[in-house]
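Enquirer: According to our numbering, the sequence shown is numbered sequentially starting from 9.
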Amino acid sequence: MDSSLAKILVIDDTKTNIEVLEGILCSEYDMYVALNGKKGILLTEKVKPDLILLDVMMPEMDGYETLRQMKAKGLVEDTPVIFLTAKADAKSEQTGLDLGAVDYIVKPFNPDLVRLRIKNQLEFKHQRDHLHELVDEKTRDLRKTLKVMLTSLGALAEYRDTDTGEHIKRTQVLVQMLAEKLMNHPDYSGAIPNRSYVDYYATAAPLHDIGKVGIPDEILHKPARLSDEERAFMSKHPQMGYDVLVNATRELADHPLVKIAAEIILNHHERWDGKGYPNGISGAEIPVGARLMAVADVYDALVSRRPYKEPLPHGTAVAEIASANGTQFDPGVVKAFMEIESSLPELYEKFKDGSI
Numbered sequence: 009m010d011s012s013l014a015k016i017l018v019i020d021d022t023k024t025n026i027e028v029l030e031g032i033l034c035s036e037y038d039m040y041v042a043l044n045g046k047k048g049i050l051l052t053e054k055v056k057p058d059l060i061l062l063d064v065m066m067p068e069m070d071g072y073e074t075l076r077q078m079k080a081k082g083l084v085e086d087t088p089v090i091f092l093t094a095k096a097d098a099k100s101e102q103t104g105l106d107l108g109a110v111d112y113i114v115k116p117f118n119p120d121l122v123r124l125r126i127k128n129q130l131e132f133k134h135q136r137d138h139l140h141e142l143v144d145e146k147t148r149d150l151r152k153t154l155k156v157m158l159t160s161l162g163a164l165a166e167y168r169d170t171d172t173g174e175h176i177k178r179t180q181v182l183v184q185m186l187a188e189k190l191m192n193h194p195d196y197s198g199a200i201p202n203r204s205y206v207d208y209y210a211t212a213a214p215l216h217d218i219g220k221v222g223i224p225d226e227i228l229h230k231p232a233r234l235s236d237e238e239r240a241f242m243s244k245h246p247q248m249g250y251d252v253l254v255n256a257t258r259e260l261a262d263h264p265l266v267k268i269a270a271e272i273i274l275n276h277h278e279r280w281d282g283k284g285y286p287n288g289i290s291g292a293e294i295p296v297g298a299r300l301m302a303v304a305d306v307y308d309a310l311v312s313r314r315p316y317k318e319p320l321p322h323g324t325a326v327a328e329i330a331s332a333n334g335t336q337f338d339p340g341v342v343k344a345f346m347e348i349e350s351s352l353p354e355l356y357e358k359f360k361d362g363s364i
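1. Please tell me whether T93 and G104 are closer than 9 Å, where the distance is taken between their beta carbons.
2. Taking the C-alpha atoms as reference points, what is the distance between M9 and I16?
3. Secondary structure at F117, three-state DSSP: helix, strand or coil?
4. Excluding the 5 residues preceding and the 5 following D20 in the sequence, name in chain order all residues of the same chain whose CB lies nearer than 6 Å to its CB.
5. Assign L234 to one of three DSSP states: helix, strand, or coil.
6. Pick helix, strand or coil for K15, following the three-state DSSP scheme.
7. Do D338 and A303 have their beta-carbon atoms positioned less than 9 Å apart in this structure?
8. What residues match up with A42 in a beta bridge as DSSP calls it?
9. Suppose you measure from the CA of S331 to the CA of L300; what does that come to, to the nearest Å?
10. Measure from the alpha carbon of A14 to the alpha carbon of each residue in V55, R203 and L51, then state which is nearest.
11. Quick one: give me the first and last residue of the beta strand (DSSP E) that L59 is part of.
12. Specify whether the stretch 215-230 and the stretch 187-197 touch according to this definition: at least 3 beta carbon pairs, one from each stretch, less than 8 Å apart.
13. Within its chain, find whatever has a CB closer than 8 Å to the CB of N44; leave out the 5 residues flanking it on each side and keep chain order.
14. Can you tell me which of L158, C34 and K79 puts its alpha carbon nearest to the alpha carbon of I126?
15. Do the stretch 236-247 and the stretch 313-333 meet, that is, are 3 or more Cβ pairs less than 8 Å apart?
16. Say whether the stretch 274-294 touches the stretch 256-266, bearing in mind that this needs 3 or more beta-carbon pairs closer than 8 Å, one atom from each stretch.
17. Apply the 10 Å Cβ neighbour rule to S100 and answer buried if 16 or more other Cβ atoms are within range, or exposed otherwise.
18. With distance defined between alpha-carbon atoms, name the residue in D97, A96, T52 and Q102 nearest to K79.
19. Out of curiosity, what's the CA-to-CA distance linking T74 and L130?
20. Since G284 contacts E293 with CB under 8 Å, what's their CB separation in whole angstroms?
21. Measure the C-alpha to C-alpha separation of T24 and F91 and round it to an integer number of angstroms.
22. On the CB-based measure, 16 or more other CB atoms within 10 Å of its CB, does G82 come out buried or exposed?
23. Please determine, among R239, L142, S235 and F345, the residue with the shortest C-alpha to C-alpha distance to P286.
24. Which one of P319, V28 and H216 has the shortest CA to CA distance from P119?
25. Tell me R314's beta-bridge partners as DSSP assigns them.
26. Bridge partners of I90, per DSSP?
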């Protein structure tokens, strides 16, 4: 068969009808035949035809039930189905069209009209397929543009502070590892349904401290612990960052990547027990991205040198995370962290030597 020709599947239990259709169509299309509905469904799965000609009156499974099962299996979402039948009453035709058939042709049929109707439906299908391709291409372009924009926005914090810049890179990898670990977990699959969302969380993570661009240098770079007043001012950075993102992405507010970024920025200092900031929300009220970020953020802060402290050993930092299980952190995220923690020292060595 010529692979460049459109594929037509005929499902009909009458061989005479099949022979007639093959005679008028085989010179223009690749023809496939099934003598009953069950075989027609199997052949549809295997061949993925461009159009289906379906008889109504067949033994065991009629054409209506055949189409119902095809639709239930998702086999004909983009495939036009034409009923070709001797049932000429209006009720039967309405039943066929209500099921999603694009046309209903009554036997005996005019060969030229059948050929023309098939040609028209295949042209419509080609136009729809091309439109879907254009939409998919534009969607991919939008994702790339949005990712570049958010990455550039996240880099603002790095320009203020090189320590913050390295922190951003490390926590991004940690968030990605945690999201991958929880992707198939029933409690998190709604928030992390697939690999695309893992990428969304990883892309959004570097933005978590974007609000620190609004913190004065004397506070941000203070080589000692902050005073209560300074700490109160620093605690405004989640809201500051959220406001920056919302204003920068107003036209794209409904995109899942933007939503996730906004949730992480605003809520990554919230606590599981409700004692965090800026809004004191707790438990499952805290978006999943912020829960991932909270663990990644604290672990990295513990094992990193800061102006006011020396880094803690990995084991001590892990113990600190464990001790805050169910108070500061989501227990499910802590469990995922414990499953990856043994790989972190080697990962951090790669950051030090610049291989990441």
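A virtual CB, placed ideally from N, CA and C, is assigned to each residue, including glycine.
Expert: If we stick to the structure as given:
1. Yes, these two residues count as a Cβ contact at 9 Å.
2. Only weak support is given to the placement of M9: the predicted model assigns it a pLDDT of 49, under 50, and the question is left unresolved by the model.
3. In this structure, F117 counts as coil in the three-state DSSP scheme.
4. Correct list, in chain order: I26 and D63.
5. Residue state, collapsed to three classes: coil.
6. Annotated three-state conformation of K15 is strand, per DSSP.
7. The amino acid occupying residue 303 in the given sequence is Val; Ala does not appear at that position. It is a contact, given that the beta carbons lie within the stated cut-off.
8. Per DSSP, I19.
9. Within the model, the alpha-carbon separation for S331 versus L300 is close to 17 Å.
10. For A14, the nearest C-alpha among the options comes from V55.
11. Segment L59 to L62, the beta strand (DSSP E) holding L59.
12. At 8 Å Cβ cutoff, the stretches do not touch.
13. Cβ neighbours of N44 within its own chain (closer than 8 Å, five residues either side excluded): I19, D21, M66, P67, E68 and M69.
14. Taking only the C-alpha atoms, the option nearest I126 is C34.
15. Judged by Cβ distances under 8 Å, the stretch 236-247 makes no contact with the stretch 313-333, as fewer than three pairs qualify.
16. Cβ pair count under 8 Å is below three, so no.
17. By the 10 Å Cβ count, S100 comes out buried.
18. It is T52 whose Cα lies nearest to the Cα of K79.
19. The straight-line gap from Cα to Cα measures roughly 21 Å.
20. About 11 Å separates the beta carbons of G284 and E293, which is beyond the 8 Å limit, so they are not a contact pair.
21. C-alpha separation (whole angstroms): 17 Å.
22. With fewer than 16 other Cβ atoms within 10 Å, it is exposed.
23. Of R239, L142, S235 and F345, the residue nearest in Cα terms is R239.
24. The option with the nearest alpha carbon to P119 is V28.
25. DSSP output for R314 lists K317 as bridge partner(s).
26. Beta-bridge pairing links I90 to L61 and D111.
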